[in-house]
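Here is the structure we will look at.
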Amino acid sequence: MGSSLPPKEANLFKVIVKSYETKQYKKGLKAADSILKKFPEHGETLSMKGLTLNCMDRKSEAYELVRRGLKNDLKSHVCWHVYGLLYRSDREYREAIKCYRNALRIDPDNIEILRDLSLLQAQMRDLSGFVETRQQLLSLKPNHRMNWIGFAVAHHLNSNSSKAIEVLEAYEGTLEDDYPPDNERYEHSEMLLYKISLFEECGMLDRALEEMQKKESKIVDKLSFKEQMASVLFKLGRFDESESIYRSLLFMNPDNYKYFIAVQKCLGLYSDNGQYSADDVERLSALYNSLKEKYAWSSAVKRIPLDFLEGDKFQEAADIYVRPLLTKGVPSLFSDLSPLYEHPGKANILEQLFLKIEDSIRTSGCFPGSPQKEPPSTLLWTMFLISQHYDRRGQYEIALNKIDEAISHTPTVIDLYSVKGKILQHAGNFAAAAALADEARSMDLADRYLNSECVMQMLQADQGEKVMCVGVNVNSNAEFNSMKGMVGLAEKTAVLFTKDGDQHNNLHDMQCMWYELASGESYFRQDQFDFHSYCLRKMTLRAYVSMLKFQDRLHAHEYFHKAAAGAIRCYMKLHDSPSKSSTEENDEMSKLPPAQRKKLRQKQKKAEARAKREAEEKQEDETASSNSSKSGKKQNARPVDLDPHGEKLVQIEDPLAEATKYLKLLQNNSSSSLETHILSFELNMRKQKVLLAFQAVKQLIKLDENNPDSHRCLIKFFHKINSLPTPGTDSEKLICNVLEAERPDIRDNVLGLVNEWQIQDCIDVHKLLETVFGDQDVANRWKARCAEYFPYSTYFEGIKSAIAAYIVDHSLDNSPENGIAPNPQLKSEGEIGTLNGTVHIVDDLSSLSIR
Amino acid sequence: LAGRPTTPEREGQPEAETPPPCSRRTQPLKLRRGRERPGRRRTGAVREGGSARMGAGEGEVSASKAKGGGAVERTSLDGVRDKNVMQLKKLNTALFPVRYNDKYYQDAIASKDFSKLAYYSDICVGAIACRLEKKEGGAVRVYIMTLGVLAPYRGLGIGTKLLNHVFDLSAKQNISELYLHVQTNNDDAIAFYKKFGFEITQTIHNYYMNITPPDCYVLTKFIGQAATKK
Chain B
90 MGSSLPPKEA
100 NLFKVIVKSY
110 ETKQYKKGLK
120 AADSILKKFP
130 EHGETLSMKG
140 LTLNCMDRKS
150 EAYELVRRGL
160 KNDLKSHVCW
170 HVYGLLYRSD
180 REYREAIKCY
190 RNALRIDPDN
200 IEILRDLSLL
210 QAQMRDLSGF
220 VETRQQLLSL
230 KPNHRMNWIG
240 FAVAHHLNSN
250 SSKAIEVLEA
260 YEGTLEDDYP
270 PDNERYEHSE
280 MLLYKISLFE
290 ECGMLDRALE
300 EMQKKESKIV
310 DKLSFKEQMA
320 SVLFKLGRFD
330 ESESIYRSLL
340 FMNPDNYKYF
350 IAVQKCLGLY
360 SDNGQYSADD
370 VERLSALYNS
380 LKEKYAWSSA
390 VKRIPLDFLE
400 GDKFQEAADI
410 YVRPLLTKGV
420 PSLFSDLSPL
430 YEHPGKANIL
440 EQLFLKIEDS
450 IRTSGCFPGS
460 PQKEPPSTLL
470 WTMFLISQHY
480 DRRGQYEIAL
490 NKIDEAISHT
500 PTVIDLYSVK
510 GKILQHAGNF
520 AAAAALADEA
530 RSMDLADRYL
540 NSECVMQMLQ
550 ADQGEKVMCV
560 GVNVNSNAEF
570 NSMKGMVGLA
580 EKTAVLFTKD
590 GDQHNNLHDM
600 QCMWYELASG
610 ESYFRQDQFD
620 FHSYCLRKMT
630 LRAYVSMLKF
640 QDRLHAHEYF
650 HKAAAGAIRC
660 YMKLHDSPSK
670 SSTEENDEMS
680 KLPPAQRKKL
690 RQKQKKAEAR
700 AKREAEEKQE
710 DETASSNSSK
720 SGKKQNARPV
730 DLDPHGEKLV
740 QIEDPLAEAT
750 KYLKLLQNNS
760 SSSLETHILS
770 FELNMRKQKV
780 LLAFQAVKQL
790 IKLDENNPDS
800 HRCLIKFFHK
810 INSLPTPGTD
820 SEKLICNVLE
830 AERPDIRDNV
840 LGLVNEWQIQ
850 DCIDVHKLLE
860 TVFGDQDVAN
870 RWKARCAEYF
880 PYSTYFEGIK
890 SAIAAYIVDH
900 SLDNSPENGI
910 APNPQLKSEG
920 EIGTLNGTVH
930 IVDDLSSLSI
940 R
Chain F
67 LAGRPTTPER
77 EGQPEAETPP
87 PCSRRTQPLK
97 LRRGRERPGR
107 RRTGAVREGG
117 SARMGAGEGE
127 VSASKAKGGG
137 AVERTSLDGV
147 RDKNVMQLKK
157 LNTALFPVRY
167 NDKYYQDAIA
177 SKDFSKLAYY
187 SDICVGAIAC
197 RLEKKEGGAV
207 RVYIMTLGVL
217 APYRGLGIGT
227 KLLNHVFDLS
237 AKQNISELYL
247 HVQTNNDDAI
257 AFYKKFGFEI
267 TQTIHNYYMN
277 ITPPDCYVLT
287 KFIGQAATKK
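The listed protein sequences derive, respectively, from chains B and F.
If you're matching positions, the first sequence starts at 90 in my numbering and goes up one per residue.
If you're matching positions, the second sequence starts at 67 in my numbering and goes up one per residue.
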């Protein structure tokens, strides 16, 4: 390094390198400049200066200098290495790898470059390259533990677990007998556990067991050791031994559901679908009764039996379970119980139970049959629970009355307002839901969850502007900033699609998720990068590997699914109503009444001003942080979003092609989701790919033939193909033949009665009638019917949608939540079933179109 | 015991009743100026408040004895801040038939530890709101603007706890005078405060408008350095 320089300058060069490593950038810069005074074209110095400037946030200069340095000294590995580092800092990992490879061509045994390269290979999942690099590192420095472990992990990631084991054993062979020394016991123990998990992974269960017995004294993490032991014994079929270990684990933590399930499995008492024979239920009850005696404080031991018990026994167990939680006041009680509503009959039992409890507390102040006086809050939490219960069952009227009662009992409990907002949302009044969410937010300004919830509700109610107000009022925290970002996006969309499109609500909602996720993902990637070396150093190998696997599975994650679905919808929307040029936009605006136009303009202006302000603030932040960069603590400031309103994103040439990309990801990763196929259907219909659309319909029917959405797609599909022109080309004829051949199958399969009508389904049906069939008369009749059943729905303009606007007045002089007269109770679920009567309209239509 | 105290700050008190504006000179202690401007008068305000105040004094004592310390253990106090002031507003809406203006809330927040929200197993169920006033000669006194507990949570000793808190704090800061207003027919509240050493020091005629009787008592308690009772 710096060898071509005279001694004095060579020393200065060393200073640059050292200053860079110790983050004393100013000092490094000075040294570089004094070399360059004498040798203005010295390549390595130019490169190092560039690298130093890069850390001081002078990016464009940095690239220029590094490139010039490289040009002047193509044979220097330093220049190539620096170029790679520069790319790496901008997360251009592929380019960085190329640079490292060039550097290694010049200096093949440079440990530092090899190490950097290996990290990048792990990051980019170039696994065979990773193995190679790791091998080279090991042969260069076999006395470093980290190199052995790195080599083993590389093999493991490259799906060669047995090779990884060999490496680890070879490494152990190099150790003294009395290894490890006291200060490395934990690291060594992690290595052993890692090796054992490798044995287990390749099915070498006996070896795993043997190893565990031999090395038990050297393993520090006793909990993991026990879990591993129990798991291996279970896989070996030694259920008794496994069970007794799981029981001892329960002793350590009697609220870990995994342990309970494992004990059940050891006893042959576990079924994935939760179905048990009467005999099994008997045995399970006995098991949990005995566990309950041992672990009286565990809530898991009381909750799990609710899943398998039925009838009276279920009621009894549920009673025992909910009482202390109502006394204590656990707001999440309902979400804890909500999975039980999927079980037939349990909802009714719970309803009776809750009502009995409420009645008893009202009359005597005690639980049924108990002499113990309950605190006043028990009634509140009981009403809270009952309200959520009726909400879950779609009886919104009762739910609202109950929650209002709870609010007048104790008007200070924030959860009550949140739940009331949710009920109104489910009942179809988004504006009122947003008002309630905002009220809840106002009651604890420091609660981020409430902020987010409120923003979500407002977005659903298309109140982008209000969201901004909330944003300004609330302390800027990370979530909120990202939310502001997405609101900018949502607002832009609102301007673009001035007309209220369908999916509009969803659009807002989804697009934000997508936005958040995008930034979330990039953060995650960055984090992961730091982990590569950290984990190897700290030997937290098992966590490391599972983290990498998680990352690889990320695309199957629920949020990714949601986000991708949202993106696809956006693109389809863009296709349906292409963005307007500015003149058109103006036209659009001139159509609006003047007051609204003014508002819109103001909104745009405000948005622009805000964007400007934010950009300035960011810049200030950056200068501030670069000033403080001497301390080296500066976190990489996020680059300013060049496209804060998603304008470029929206002006895309072929939205359907973009949508197809996302769809492919969804099809690969979540093919069992109904939504994936619905999207595929919608997309392919737009692309006129009839057969692909048909495939999607078939998938839908296979997954759930009674789903209203499946049904809807089918109707749309046949409606479409009936209106296709007579086939002209051969391929069109072929398509036609295929469809004819498949038709009878489909007809027999579908058109089952829909069991439960959700408001969204009814809205969809209405849209279908209105747009696809264009039958305004039937659509209006449908709407009138729905308005009766969903009186709170603003979409159907139900009678209570207006009263229930619930404008929240923060001055509070007449709080509306107490002021609404009690409404006549909604008829029970059975009556909603009569909606099926009207379904025939649709069924008739669909069969018409099939014929 | 909602509104047990006093319906203090009943709007509409005559201008003449406000204390001399001596406190204007008092920057160092950051005291508030005199009491609020007279506001709107509301009919029937105290009537409703009166019924809500039923069962104040004695009810409280006997009930809190019956329930033992358990309820008090479930109770904790927290300060009033701009982040949670909405809780106080919600309480007042439920407890008093009067709307308090912004100054009331500013005063409550500014009184720092003298105004407190009472939480019963993490639910906000009551509050005491005070204002610090500077008298002629520089001495400070505490004016209790409101004290109240939501109806379902009365009789648990929560009001007592709030009041005792203010006594203790006053003693610590060498404040020897506390006062408040009560409508003259609110026997329960008067009895309650007498139990804590308050005495009627003045009667103000026509303090309230549109309600009968329109008169109020000023109840005052002087405390020495000694600790509070209870």
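We treat Cβ as the ideally placed atom computed from N, Cα and C, and that holds for glycine.
My understanding is that residue i touches residue j, with C-beta atoms under 8 Å, so please give their C-beta distance in whole angstroms.
i              : j              : result
K48 (chain F)  : A184 (chain F) : Here chain F covers residues 67 to 296 and nothing more, so residue 48 (chain F) does not appear.
L175 (chain B) : G139 (chain B) : 7 Å
M532 (chain B) : A495 (chain B) : That belief does not hold up - the Cβ atoms of M532 (chain B) and A495 (chain B) are roughly 15 Å apart, past 8 Å.
L945 (chain B) : K304 (chain B) : Limits of chain B in this structure are 90 at one end and 940 at the other, which puts residue 945 (chain B) out of reach.
G517 (chain B) : T883 (chain B) : 6 Å
T250 (chain F) : P218 (chain F) : Between P218 (chain F) and T250 (chain F) the Cβ distance is about 28 Å, and since that is not below 8 Å, they are no contact.
T499 (chain B) : E463 (chain B) : T499 (chain B) to E463 (chain B), Cβ: 14 Å. No contact.
I241 (chain F) : R207 (chain F) : 6 Å
By Cβ distance below 7 Å, which residues in the same chain neighbour residue i in space, the five residues on each side in sequence not counted?
i              : result
E771 (chain B) : M661
G218 (chain B) : Q210
V779 (chain B) : I810 and I824
E130 (chain B) : N161
L395 (chain B) : F403, A406, A407, Y410 and L429
L142 (chain B) : E150, A151 and L154
I270 (chain F) : E83, D281, C282 and V284
Following the continuous beta strand (DSSP E) through residue i, name the residue where it begins and the one where it ends.
i              : result
Y185 (chain F) : K182 to Y186
S306 (chain B) : Unbroken run through S306 (chain B): none, as it is neither H nor E.
Y209 (chain F) : V206 to V215
T467 (chain B) : Looking at the DSSP string, T467 (chain B) is not in any beta strand (DSSP E); the run it does join, the alpha helix (DSSP H), is S466 to R481.
L246 (chain F) : E243 to Q249
Within a Cβ cutoff of 6 Å, which residues of the same chain sit near residue i, ignoring the five residues on either side of it in sequence?
i              : result
Y259 (chain F) : L285
T419 (chain B) : Residue identity differs from the one stated: residue 419 (chain B) is Val in this sequence, not Thr. Closer than 6 Å at the Cβ level, and outside the excluded window around V419 (chain B), lies no residue.
V370 (chain B) : F397
M774 (chain B) : A782
E290 (chain B) : S250
A193 (chain F) : L154, L157 and L183
Could you give the residue range of the alpha helix (DSSP H) that holds residue i?
i              : result
R197 (chain F) : Counting along the chain, R197 (chain F) falls outside any alpha helix (DSSP H), though it belongs to the beta strand (DSSP E) covering I189 to K200.
S286 (chain B) : R274 to E290
T111 (chain B) : Counting along the chain, T111 (chain B) falls outside any alpha helix (DSSP H), and DSSP gives it neither H nor E.
L226 (chain B) : L216 to L229
N199 (chain B) : First-last for N199 (chain B): undefined, no H or E at that position.
N869 (chain B) : Q865 to Y878
G139 (chain B) : G132 to C144
L781 (chain B) : V779 to L792
G400 (chain B) : G400 to K417
Per the DSSP calculation, residue i is bridged to which residue(s)?
i              : result
G145 (chain F) : F:K182
C455 (chain B) : B:K462
T269 (chain F) : F:Y283
F288 (chain F) : F:E243
Exercise. For the segment 522-539 of chain B, which residues have a beta carbon sitting closer than 7 Å to at least one beta carbon of chain F?
Worked result: Across the segment 522-539 of chain B, CB contacts with chain F closer than 7 Å involve S531, M532, D533, L534 and A535, in sequence order along the chain.
For this session: Could you name the residues of the segment 214-228 of chain F whose beta carbon sits closer than 7 Å to any beta carbon of chain B, in the order they occur along the chain?
Result: Among the residues of the segment 214-228 of chain F, those with a Cβ less than 7 Å away from any Cβ of chain B are L216, P218 and Y219, in the order of the chain.
For this session: For the segment 144-169 of chain F, enumerate the residues whose C-beta is nearer than 8 Å to any C-beta of chain B, in chain order.
Result: Answer in chain order: D148, K149, N150, M152, Q153, K155, K156, L157, T159, A160 and R165.
Exercise. Between the segment 222-243 of chain B and chain F, which residues of the former have a C-beta closer than 8 Å to a C-beta of the latter?
Worked result: Correct list: empty, as no residue qualifies.
Exercise. Given a limit of 8 Å on CB to CB distance, which residues of the segment 167-201 of chain F reach chain B?
Worked result: Taking 8 Å as the cut-off between beta carbons, the residues of the segment 167-201 of chain F near chain B are Y186, S187, D188, I189, C190 and V191, in sequence order.
Exercise. Which residues, in chain order, does the segment 411-437 of chain B contribute to contact with chain F at a C-beta distance below 8 Å?
Worked result: Cβ contacts with chain F come from K417 and G418.
For this session: Below 7 Å between beta carbons is the criterion; list the residues of the segment 247-267 of chain B that meet it against any residue of chain F, in chain order.
Result: Residues of the segment 247-267 of chain B whose Cβ lies closer than 7 Å to any Cβ of chain F: none.
Problem set entry | Residues of the segment 488-516 of chain B with Cβ closer than 7 Å to any Cβ of chain F, in chain order | Of all residues in the segment 488-516 of chain B, H498, T499, P500, T501 and V502 have a Cβ within less than 7 Å of some Cβ in chain F.
Problem set entry | Cβ-based contacts, 8 Å cut-off: residues of the segment 452-477 of chain B near chain F | Against chain F - using a Cβ distance shorter than 8 Å - the residues of the segment 452-477 of chain B are K462, P464, P465, S466, L468 and L469.
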